[in-house]
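Chemist: Its first residue numbered 2, the sequence shown is counted upward by one per residue in the working numbering. Using N, Cα and C, we set each Cβ at its ideal position, and we do this for glycine too. In this text, all values refer to a predicted model and were calculated from it rather than measured experimentally.
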Amino acid sequence: MQYYESIVDLVGNTPLVRLNRVAQQVQPLVLAKVEYFNPGGSVKDRIALRMIEAAEQTGQLKPGGTIVEPTSGNTGVGLALVAQQKGYRCVFVCPDKVSQDKINVLRAYGAEVVVCPTAVAPEHPDSYYNVSDRLVREIPNAWKPDQYSNPNNPRSHYETTGPELWEQTEGRITHFVAGIGTGGTISGTGRYLKEVSNGRVRIIGADPEGSVYSGGSGRPYLVEGVGEDFWPQAYDREICDEVIAVSDKDSFLMTRRLAREEGLLVGGSCGMAVVAALRVAERCGPDDVVVVLLPDSGRGYLSKIFNDEWMSAYGFLATESDEPRVGDVL
Ligand code: PMP
2 MQYYESIVDL
12 VGNTPLVRLN
22 RVAQQVQPLV
32 LAKVEYFNPG
42 GSVKDRIALR
52 MIEAAEQTGQ
62 LKPGGTIVEP
72 TSGNTGVGLA
82 LVAQQKGYRC
92 VFVCPDKVSQ
102 DKINVLRAYG
112 AEVVVCPTAV
122 APEHPDSYYN
132 VSDRLVREIP
142 NAWKPDQYSN
152 PNNPRSHYET
162 TGPELWEQTE
172 GRITHFVAGI
182 GTGGTISGTG
192 RYLKEVSNGR
202 VRIIGADPEG
212 SVYSGGSGRP
222 YLVEGVGEDF
232 WPQAYDREIC
242 DEVIAVSDKD
252 SFLMTRRLAR
262 EEGLLVGGSC
272 GMAVVAALRV
282 AERCGPDDVV
292 VVLLPDSGRG
302 YLSKIFNDEW
312 MSAYGFLATE
322 SDEPRVGDVL
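1) State the CB to CB distance for the pair residue 337 and residue 7, rounded to an integer number of angstroms; the pair is presumed to be in contact (CB under 8 Å).
2) Check the C-beta distance from residue 75 over to residue 45 and give it rounded, since I have them as a contact under 8 Å.
3) Cα separation between residue 174 and residue 217?
4) Less than 7 Å between C-beta atoms, sequence neighbours within five positions excluded: which residues of the same chain meet that for residue 305?
5) Suppose contacts are defined by Cβ-Cβ distances below 9 Å. Is residue 52 in contact with residue 153 by that definition?
6) Do you know whose CA, among 119, 83 and 82, lies nearest residue 94's CA?
7) For residue 256, does the count of other Cβ atoms within 10 angstroms reach 16, so buried, or fall short, so exposed?
8) What is the DSSP secondary structure of residue 1, counted as helix, strand or coil?
9) What did DSSP end up calling residue 285 once you bin it into helix, strand or coil?
10) Could you say if the region 33-44 and the region 291-300 meet the contact criterion of at least three C-beta pairs nearer than 8 Å?
11) By how many angstroms is the C-alpha of residue 229 removed from the C-alpha of residue 27?
12) Cβ of residue 205 versus every heavy atom of ligand 1: is any distance shorter than 8 Å?
13) For ligand 1, I want to know if residue 13 counts as a neighbour, meaning its beta carbon is within less than 8 Å of at least one of the ligand's heavy atoms.
14) Whose CA, out of 143, 225 and 188, lies closest to the CA of residue 61?
15) For my contact list, residue 219 and residue 268 are in at a C-beta cut-off of 8 Å; report their separation, rounded to the angstrom.
16) Give me the Cα-Cα distance between residue 314 and residue 308, rounded to the nearest whole angstrom.
17) Measuring straight from C-alpha to C-alpha, what distance separates residue 348 and residue 296?
18) Would you say residue 236 touches ligand 1, meaning its beta carbon is less than 8 Å from a heavy atom?
19) Is there a C-beta anywhere in chain C that falls below 9 Å from the one on residue 241?
20) Can you list, in chain order, the residues of its chain whose CB lies under 7 Å from that of residue 132, leaving out five sequence neighbours each side?
21) Does the beta-carbon of residue 151 have 16 or more other beta-carbons within 10 angstroms, so that it is buried, or is it exposed?
22) Do residue 12 and residue 42 have their beta-carbon atoms positioned less than 9 Å apart in this structure?
23) Ligand 1 and residue 44: does the residue's C-beta get closer than 8 Å to at least one heavy atom of that ligand?
24) Closest by CA to residue 106, which one among 126, 78 and 146?
25) According to DSSP, simplified to helix, strand and coil, what is residue 99?
26) Going by DSSP, name the residue or residues bridged to residue 90.
27) Flag residue 296 as yes when its Cβ comes closer than 8 Å to any non-hydrogen atom of ligand 1, and as no otherwise.
28) With DSSP as the reference, identify every bridge partner of residue 209, one or two as the case may be.
29) Apply the 10 Å Cβ neighbour rule to residue 39 and answer buried if 16 or more other Cβ atoms are within range, or exposed otherwise.
30) In the DSSP assignment, find the alpha helix (DSSP H) that holds residue 54 and state where it starts and stops.
31) Within a Cβ cutoff of 7 Å, which residues of the same chain sit near residue 277, ignoring the five residues on either side of it in sequence?
32) Would you report the Cα separation of residue 149 and residue 235, rounded to the nearest angstrom?
33) With respect to 8 Å, is the separation between the Cβ of residue 316 and the closest non-hydrogen atom of ligand 1 below this value?
Here's what the structure looks like:
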């Protein structure tokens, strides 16, 4: 019989898929590491598993304990899935601007979700930050993973994502491109690839225009899960050889192309990373192998990136390639 003991055993070992049509104009092989094949649907399953296992080993997380984290997205799903299999309770804190769908997903996995008002200052007792800190203090046996400062976030990528890429490309990877959110993915994977290749592999960060990683002031942007207005501890500021800033419009149009032309229904930070990867690939030769990591699936963005009204309202559809087609409702 062939089976896995638990869904948790399926975390990691995601496939590399060649980008064909969107990479037609460039010389190198461009490969996508498709992280939606993880059981919780995103790259964050990797860090959830590693952070929880490490906290068990150090005794920070005890049997019957509760995991408290301010998250509404992919990290919450990863934590909820692993916690449930290992018998921990999860309490997530998220701001009220988060869509009901995302909250429903977390509750479907059995997590409790506390929703806080967005319209209060960070120092207000009801703010997202203060509520999660208070819950950690008040709930017995509570533990907060804190993905922004937890060293097991980058470590999970050093131990899994990096070695997988080296093996899958038989050591032929020359460039690694990934978005930067907490910085865990690029720092851990980047460090492994630098070490194993004696510094040969180039590490390129992709960042929304406006975010601090690419020299921005922290001004707002719409692509989710990447970019910051502060420098998290999980990000190794020495790791990137280059950080490329990508606009919301370019990110979202590429996200739509990935679904239509490559059959990859992925999220907006994936489109952003692919735009950066193609800019890198334009300067590369036929022997180079450019790998880009795609963090999550497009299912969570159907009412935004894949919705024409939403895209038009921001002026993102005013390009030739997005002119109306037969059958479009005008
Ligand atoms: N894309 C999405 C959709 C994410 O949720 C995240 C994680 N915040 C990232 C990219 C960036 O990954 P990391 O936190 O490892 O830098």
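Modeler: To lay it out plainly:
1) The structure shown has nothing for residue 337, since the chain only spans 2 to 331.
2) With a Cβ gap of about 4 Å, residue 75 and residue 45 count as contacting.
3) Whole-angstrom Cα-Cα distance: 29 Å.
4) Counting only Cβ-Cβ distances below 7 Å, and skipping sequence neighbours, we find 311.
5) Closer than 9 Å, so yes.
6) Per the Cα distances, 119.
7) Counting other Cβ atoms within 10 Å of its Cβ, residue 256 reaches 16 or more and is therefore classed as buried.
8) Lying outside 2 to 331, the shown extent of the chain, residue 1 is not represented and no answer is given.
9) Three-state DSSP puts residue 285 in coil, outside helix and strand.
10) Cβ pair count under 8 Å is three or more, so yes.
11) If I take the Cα positions, the gap works out to 30 Å.
12) Checking every heavy atom of ligand 1 against the Cβ of residue 205, none is found closer than 8 Å.
13) Taken from the Cβ of residue 13, every heavy atom of ligand 1 lies 8 Å or farther away.
14) If we check each option's Cα against that of residue 61, 143 comes out closest.
15) About 22 Å; that fails the 8 Å criterion.
16) Their backbone Cα atoms lie some 10 Å apart in a straight line.
17) Not covered by the structure: residue 348. The range shown for the chain is 2 to 331.
18) Because some heavy atom of ligand 1 lies under 8 Å away, the Cβ of residue 236 counts as near it: yes.
19) No chain C appears in this structure, which consists of one protein chain only.
20) Hits under 7 Å: 94, 115 and 117.
21) By the neighbour-count criterion, in which a residue is buried when 16 or more other Cβ atoms sit within 10 angstroms of its Cβ, residue 151 is buried.
22) No.
23) Ligand 1 has a heavy atom closer than 8 Å to the beta-carbon of residue 44.
24) Distances from the CA of residue 106 to each of 126, 78 and 146 were compared; the closest alpha carbon is that of 78.
25) In the structure shown, residue 99 adopts coil according to DSSP, grouped into three states.
26) Paired residues: 67.
27) Result yes, Cβ under 8 Å from ligand 1.
28) According to DSSP, residue 209 bridges with 247.
29) Buried: at least 16 other Cβ atoms inside 10 Å.
30) Per DSSP, the unbroken alpha helix (DSSP H) holding residue 54 starts and ends at 45-59.
31) Answer for residue 277: 178, 205, 207, 245 and 247, listed in chain order.
32) Rounded to whole angstroms, the gap between the alpha carbons of residue 149 and residue 235 is 5 Å.
33) Taking the Cβ of residue 316 as the reference point, every heavy atom of ligand 1 lies at 8 Å or farther away.
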